[in-house]
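For reference, the structure discussed in these notes is given below.
Protein chains in written order, with the numbering used here: chain A, 92 to 422; chain B, 92 to 422.
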C-alpha cells in the first residue's frame, strides 16, 4: 500500500502534544515542510524531553503554545478545529515513575483521558495518533514480541501507558474519535534528551561518548534492544495518521536487534574513539529491567507499508554529528 | 490445603475499604464474629454501594470511619498499624464510568495508587486483598475464562480496574507490600444495592420482582453469567488474606453459569410469582456488553482450596427473604 503523505497534510490543521520534545519536534519539522498548519503544545518541564532549541528559528507554519496537558481547559480549547492530533506528551522515565507514581498517573492517565473527553465533547473529527510504548509488554515471554503478546508491565510507567493506550482505543470504538496507537521501542536521533537516561539510555551514552567519558553498560551487555532512527518513527506517525485502516488499531514499531555491548562498540567505532565498561545494574533498575526485547513489526508493514529504512550505523552517525555541533544546547 | 480461618484473624487489626458496601459489610460481619478489630472506611456516596443499614447495630469490634478513599491523608493515617487490608472501595458502574470517566479514574486508579504509596511509606506489613473484576477481560475470546485470558476491557471501568489491579501486583513485587487480587464475577446476596443496576443487575431484578414489576432482560436472554453468593466471596477474601501463597497472585472467582433467561425464571419460581420480558439492549449498554461469561476458578481451588459452596437456588432464596424483610432500607 502506498500512501501519498505529501498531499495528505497540506494546509491541514494539526495539534502535536509534546511538540518541543524529541520525536514531537522532528514530526513538527516534517509537517511544517509539507505546508501543514501546526500547533505545538509542550510544558517544557525541565526533567522531560521538551527543549526550545528543537524548534529554534522555526516560525513558518508552526505556533508554539506552552502548556501542560494536565490543564484540561487549555487542551479543550486547542483540540477544536484540528484535523489531526499527534499525542506524544508524556512522562517517559521508568525510574521517575517508581519514585513519583502519582505524577506519572496524572500525565499518562488522567491527562490522556481528559484530552479524549475534550475530543468527544468538542471535536470527534481529528485522526489521533497516540505514542505508546513496548514497555507495556513487560519482560518478553517470547521473541519477537508481536501485538498479541500478553500485557504485563513491570513498572508504574508501563501500567499507566497501558491505561492511556486503552482509553484511546475505547474512544475510537465507542465514541467515534478515530484513534490509533504506535507502540514505540527505543528511538534515537537528533533532538533527543541526552543529559540523562530519562528519555533513552542512548542519549546518555552519546553524551558520555562525546564528553570522552566511559559508557556504562548495565549487566553483562548481552541484553538486546531494537532501535529505530527518529526519521523512521516520524514516517510511522504520518502513515498511521494518513491511513483510515489504522483506526482503532495498535502497531508495534521495531527493527533488527543488537546487544547493548555491540551497540556500545558500534557507537565507539563511529565516533572514532571512546570506551565502555560493564557495571552491575543499580538496585532501583534491576527489578524493572525487561531483559532482551525485539519487536515484531509485521502488522504495520502489512497494513501501512512501514518498515525501518535507516541503517543503524547511518542513523547513529547522523546523531553523533548533530550533538557534536549542538552539544551546548542539550547538555 | 486447609487454612484455619478462625484463628488467623482473632485480635488482628483489619482495615476494610468500602466496608459499608455490599461485599465489604458481609466481610466486616464475618471478621467481627471472629473477634478481629475492624476499621471500616466508606464514603457513603449515594450512587455507590455503601448503606449504613448494612452494619446497623454492629458496634462490637467494628469502628466505622466515614471518608473517601480519594483523601490521601485519611488513608495514610488509617493504614498504619493494620495487619490486613481488604480493599473493596470502588466505583463499580460501567455506565457511570462511560459518562464520567475522570471520577472513575480518581477512585479506581488514583486512590488505589495513593493507598499503596501510603503502605509503602508507612506500613508494608499488612496483607492486602484487592477486589478486582472479570470486567478487565472484556468480551471472552474463549470459555471458561482463566487468568491467562487476554486483558481487553471494553469500558472505562474495566481499564481503570485493570490499572488498579496492576498497581497492587507491582507494589507486591517491587516494594514488598504483600498484595493479591481477586477477579470477582457477578456477586449477589444480602446487603447488595438493589435500587438500580449500578452494582449488579441481580439487585435491580430482585427489586422489580418484590415490587411486582416485570423483570427486564436485555437481548435474547441467552447470554450466560456465573453467579457467586456473597458468603462464598467472603470466604475467598479470607482465604486469600490468610494464605502466604496468594501474595503477588491474581485469582478468578466463578461458578457454573446460567443464562439470564433461566436465571429470571428461577428467581420468579423461588419468589412464588412474577414475570419477565425480553427488551432490546439500550443504546448505551450494547457497545459495552461482554456477551456470555464463565470464569475458570481452577487456580484458586488448587491454591487456596476455595470453591463456591452455596447452591444458586439457596443463595437466591436467602437473598429474596432478606429483601422482603428489609425492603424499606434498600429501595
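All C-beta atoms in this analysis are idealised placements derived from N, C-alpha and C, irrespective of residue type, glycine included.
In the three-state reduction of the DSSP assignment, residue 138 of chain B falls in the coil class, being assigned neither a helical nor a strand state. In the structure shown, residue 121 of chain A adopts helical secondary structure according to DSSP, grouped into three states. Excluding residues up to 5 positions away in sequence, 163, 166, 167 and 170 lie with their Cβ nearer than 8 Å to the Cβ of residue 209 of chain A in the same chain. Residue contact with chain B for residue 257 of chain A: present (Cβ-Cβ distance below 7 Å to some residue of chain B).
Excluding its 5 nearest sequence neighbours in each direction, residue 195 of chain A has C-beta neighbours in its own chain below 8 Å: 182, 187, 188, 247, 248 and 251, listed in chain order. Close CB contacts of residue 324 of chain B within its chain, under the 7 Å cut and outside five residues either way in sequence, are with 114, 275, 278 and 344 (chain order).
Beta-bridge partners assigned by DSSP to residue 278 of chain B: B:319. In the DSSP assignment, residue 127 of chain B forms no beta bridge with any residue. In summary, the residues of the region 226-255 of chain B whose CB is separated from some CB of chain A by less than 9 Å are 239, 241, 242, 243, 244, 245, 246, 247, 249, 250, 251, 253 and 254, in the order they occur in the chain. Relative to residue 297 of chain A, the option among A:99, A:96, A:153 and A:421 whose CA is nearest is A:421.
Around the beta carbon of residue 368 of chain A, fewer than 16 other beta carbons lie within 10 angstroms, which makes this residue exposed.
Among the CB atoms of chain A, one or more fall inside 7 Å of the CB of residue 196 of chain B. Note: residue 133 of chain B is bridge-paired with B:157 in the DSSP secondary-structure output. At a cut-off of 7 Å between C-beta atoms, residue 351 of chain B does not count as an interface residue with respect to chain A. Residue 146 of chain A and residue 333 of chain A have their alpha carbons spaced roughly 24 Å apart. Fewer than three Cβ pairs drawn from the region 372-391 of chain A and the region 252-264 of chain A lie within less than 8 Å of each other, which leaves the two stretches out of contact.
Below the 9 Å Cβ cutoff, chain A contributes 193, 196, 197, 200 and 201 as neighbours of residue 201 of chain B, in chain order. Per the C-alpha coordinates, the member of A:199, A:156, A:213 and A:216 positioned closest to residue 227 of chain A is A:199. Assignment of beta-bridge partners to residue 236 of chain A by DSSP yields A:386. Around the CB of residue 110 of chain A, 16 or more other CB atoms lie within 10 Å, so the residue is classed as buried.
In terms of beta-carbon proximity, residue 373 of chain A stays away from the interface with chain B, with every pair separated by 7 Å or more. The Cβ of residue 269 of chain A sits no closer than 7 Å to any Cβ of chain B. Contact annotation, residue 127 of chain A with residue 94 of chain A: C-beta distance approximately 15 Å; criterion of less than 8 Å not satisfied. The beta-bridge partner set that DSSP reports for residue 270 of chain A consists of A:219. The beta carbon of residue 137 of chain B does not come within 7 Å of any beta carbon belonging to chain A, so the residue lies off that interface.
The beta carbon of residue 326 of chain B sits closer than 7 Å to those of 397, all from its chain and outside the five residues before and after it, given in chain order. With fewer than three CB-CB distances shorter than 8 Å, the region 283-302 of chain A does not count as touching the region 237-246 of chain B. In this structure, residue 204 of chain B lies near residue 192 of chain A, with their beta-carbon atoms less than 7 Å apart.
Under DSSP, residue 369 of chain A forms a beta bridge with A:308. Here residue 308 of chain B is not near residue 270 of chain B, since their CB atoms are 7 Å or more apart. In this structure, residue 217 of chain A places its C-beta atom within 7 Å of the C-beta atom of residue 173 of chain A. Within 8 Å of the CB of residue 205 of chain B, the CB atoms of chain A belong to 193, in sequence order along the chain. Taken through DSSP and simplified to helix, strand or coil, residue 343 of chain A comes out as strand. The criterion of a C-beta distance shorter than 7 Å is not satisfied by residue 178 of chain B and residue 224 of chain B. Under the Cβ distance rule, residue 378 of chain A counts among the residues neighbouring chain B, one pair being separated by less than 7 Å.
According to the DSSP secondary-structure assignment, residue 224 of chain A is paired through a beta bridge with A:275.
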